[in-house]
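Peer 1: Below are the C-alpha cells for one structure; questions will follow.
Numbering (the working numbering), first residue to last: 139 to 759.
Shown next, in the form of C-alpha cells:
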C-alpha cells in the first residue's frame, strides 16, 4: 500500500492549529536543537552520538523507555553477514561488547573459557580492536547508556509523537521546524532523523511510504510479492498436515492460526507484513531461571496445529536456541509453527498507539503461551516437553518486565519511497548502486507472511524467502532521504527507501547503526552548508564517512561480475527456473551472486532455461 499525503491538506490543517502550536512551542521548548533524533533504537543512539561528535546539539526523544531497540531487546545473536562490511560506530559497539566480556565480573554464571571465542573477531586492519557479535541484552543496553552518558546526550523517554495530521509535525517551506508529543512537549530542530522501526515521524511529515509487498513488476524483481510455492529455509510444512478442527472435515472450521483466505497469485503485491515475534533470552541454569509463566488469556487450543506437526515426527524445537554468554540464548523462530505469530500484525505499521498495544499484547500471550504449552501440556511428546521444562526466562534480564523482552521484533513496517529505492537488483549486484553510505551483506530474508490452505487441502506457510547476497553491496544515500518536494531536512536510516525483499537484507541491526551514522553525518554537513539533505555534495559526505571508518565498498576476489567478463555471459539470475531451487555462495569462485543447486533432492524435477541474445557470427562455448 502506497501512501502519499496531500501537501495542500497538510498545509490547511497546519493553518488551523498553527497558532496553538506556536503557543505550545513557547511554553515547552527549551531550545532549538541542531539535530532531533526521534526513536531510541540502536540507530537512534548512533545517530545522536555522531551528531555530538560533529559538534552539534542533539536530543534523543521517543516512546522508548529502554535504549537500543532490538539490540538491547533480545537480539543478542547478531545477524551480521560479512563482518568486514561493518565499520564506524556500529563496529565500535561490537568492540565494546568484546571489551566488556574480558572482565571476570562479566561471567557470573559461566566460565569465560567454557563459552570460548564464539562469534568473535580478532583485531583487524587500521587499528580495529577485537569484536564480539553475541551478547546478553542488558550488556547491550548498558553500553548504549554509557555511550549516551559519555557524550552528554539528553534522552527524553516515554515521549509519543502526536500523529494526528497537522498536529505532531510543524513544517515551513518544506522543512520540519518542530515536533509535538501527545503530552504537549515540543522539540524544535534544524535537522530531524526518524530512527523508529515504524517510521512514525516520516509518515506524520507527509513523506511517501509503502506497507506490504510490492508486485514483482513494480521494480522488475523476482523475489518480491506473494511467493506461493517458494519454500526456502525450513519454516514450512514438509509433511501433509490437516488444517481442519475435525481432520478431513472442512465444515468443522479451520484450526486457530490458519487463514481460510486464498493466498493470492505468485508475484502479485499485497498488504501483508512478515511475522513479528519476541527474541527471548532463555536459560537452563537453575539459579537464574524463571519457569515459563502461564499468561492471562492462555488458550491451549491455539497450539493444536503444533501437536499435528509433532505427530509428523518433527523434532527441531530447539534448533534456534542460539547460545550467548552465561548459559543464555537468543531464541528465534524455527520451523513451520514457532514463535513467529504469522498473520496477526498486518495493521501494526499504521495502527494507532492503542491498537499497537493490543497487537503487542496478543503477541505476548501467543508466545508466552506457546512456551508454557510446550513445557507443560501432556499431549506434547515427552522428549520435547521434558527438555523444554528445563528452560525458562532469565531472571537477570528485562528485570522490570518479568524477564520478558520490552521490544517486539518489528521486522518490517513502513518503508519510505525516497530519492532512490533499493531493490533486489542492488543487493544481488545486478546494477551499480550510486553514492554508497554503507554496506549490507545479509541474506535477502523475509519471514513467513501468511499460513493458508493449499488446493490439496493441507496447511502451508508462505512468504519465507532466503536468497544469498553474492557480496557485500552498497546502500545508496538516496535511500535515506525523502523526495525533495516532500521534506528537505529529514533522514530515515531505519525505514529506508527499499522494496520489501531488499529490506529483508538491509533490516539488520548493524546496518541500521551504519546508516544512522551516515544519516547524522549528512544532517550535520547539510546544516553547516545550509543545504537540503538532498543537495549535499556526495564527494564531501563520502570523504567524512571514510574518515570516520565507515565501509563504503569492498572488493571480492571470489566472484566474477558478468558485466566485466569478456563474451556473452548468461548467469542463473537471468534463467527461467522451474521448481524449488536453493541458492548458495559457499563454494567459490562463482559468477555474479552465487549459484543454484537442488540440495541433493528432487532429482530430475528441477530445470533452468538459459536464453542468450546473440548476433550472427562464430562463438566459442
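Glycine residues also receive a C-beta, built at the ideal position from the N, C-alpha and C atoms. Since we're looking at a predicted model, the values are computed, not measured.
(1) For residue 237 and residue 209, what's the separation of their Cα atoms in angstroms?
(2) If we ignore side chains and look at the alpha-carbon of each, how far apart do residue 717 and residue 563 end up?
(3) Measure the C-alpha to C-alpha separation of residue 485 and residue 670 and round it to an integer number of angstroms.
(4) Find the nearest neighbour of residue 221 within the set 409, 601, 272, 554, judged by alpha-carbon distance.
(5) Count the other C-beta atoms from every protein chain shown that fall within 10 angstroms of the C-beta of residue 327, then say buried if there are 16 or more, exposed otherwise.
(6) Can you find the residues in the same chain that come closer than 7 Å, C-beta to C-beta, to residue 748, ignoring five residues on each side of it along the sequence?
(7) Using a threshold of 8 Å, state whether the C-beta atoms of residue 188 and residue 224 are closer than that.
(8) Distance check for residue 507 and residue 483, CA to CA, integer angstroms please.
(9) In angstroms with no decimal places, state the Cα-to-Cα distance between residue 754 and residue 715.
(10) Would you check if the distance between the CB atom of residue 555 and the CB atom of residue 370 is smaller than 8 Å?
(11) Looking at the secondary structure, which residues open and close the beta strand (DSSP E) in which residue 317 lies?
(12) Give me the Cβ distance between residue 468 and residue 213, rounded to the nearest whole Å; I'm assuming they're in contact under 8 Å.
(13) Below 7 Å, is the gap between the Cβ of residue 217 and the nearest heavy atom of the ligand SAM?
(14) Under three-state DSSP, which class holds residue 386?
(15) Which of the three DSSP states is assigned to residue 253 in this structure?
(16) With distances taken between CB atoms, is the gap from residue 605 to residue 628 smaller than 8 Å?
(17) Are the CB atoms of residue 414 and residue 548 within a distance shorter than 8 Å?
(18) Taking all protein chains shown into account, decide if residue 417 is buried (16 or more other Cβ within 10 angstroms of its Cβ) or exposed.
(19) Could you name the residues of the same chain whose beta carbon sits closer than 8 Å to that of residue 725, not counting the 5 residues immediately before and after it, in chain order?
(20) Evaluate residue 667 with the Cβ neighbour count: other Cβ atoms within 10 Å of its Cβ, from every protein chain shown; 16 or more gives buried, anything less gives exposed.
(21) Secondary structure at residue 625, three-state DSSP: helix, strand or coil?
(22) Quick one: measure Cβ to Cβ for residue 535 and residue 294, integer angstroms, because I've assumed they're closer than 8 Å.
(23) Does DSSP classify residue 406 as helix, strand or coil?
(24) How long is the line joining the alpha carbons of residue 159 and residue 305, rounded to whole angstroms?
(25) For the structure I just gave you, are there three or more beta carbon pairs, one from the segment 320-336 and one from the segment 378-390, closer than 8 Å?
(26) Between which two residues does the alpha helix (DSSP H) containing residue 281 stretch?
(27) Whole alpha helix (DSSP H) runs in the segment 285-373 with 4 or more residues, listed along the chain?
(28) Going by DSSP in three states, residue 466 sits in which element: helix, strand or coil?
(29) Of the residues 258, 681, 178, which one's Cα is nearest the Cα of residue 283?
(30) Less than 8 Å separating the beta-carbons of residue 656 and residue 559?
(31) Can you tell me the Cα-Cα spacing of residue 308 and residue 515, whole angstroms?
(32) Tell me where the alpha helix (DSSP H) around residue 506 begins and ends.
(33) Could you check whether residue 254 and residue 372 sit closer than 8 Å to each other, using their CB atoms as the reference points?
(34) Can you look up residue 589 in the DSSP assignment and give me helix, strand or coil?
(35) So, at 8 Å on beta carbons, what are the nonlocal neighbours of residue 290 in its own chain, with the 5 sequence-adjacent residues on each side left out?
Peer 2: Let me spell this out:
(1) 17 Å
(2) Between residue 717 and residue 563, the C-alpha separation is close to 22 Å.
(3) 33 Å
(4) 272
(5) buried
(6) 708, 713
(7) no
(8) 18 Å
(9) 27 Å
(10) no
(11) 313-318
(12) 6 Å
(13) The model depicted lacks the ligand SAM and carries no ligand whatsoever.
(14) Coil at residue 386, not helix or strand.
(15) helix
(16) no
(17) yes
(18) Here residue 417 is buried, its C-beta having at least 16 other C-beta atoms within 10 Å.
(19) 733
(20) exposed
(21) coil
(22) Actually they are not in contact, since the Cβ atoms of residue 535 and residue 294 sit about 25 Å apart, beyond 8 Å.
(23) Residue state, collapsed to three classes: coil.
(24) Low confidence applies to residue 159: its pLDDT is 40, below 50, so where it sits in the model is not reliable, and the reading given next is rough at best. Those two C-alpha atoms are separated by around 8 Å.
(25) no
(26) 275-288
(27) 338-342, 354-357
(28) strand
(29) 178
(30) no
(31) 54 Å
(32) 491-514
(33) no
(34) strand
(35) 190
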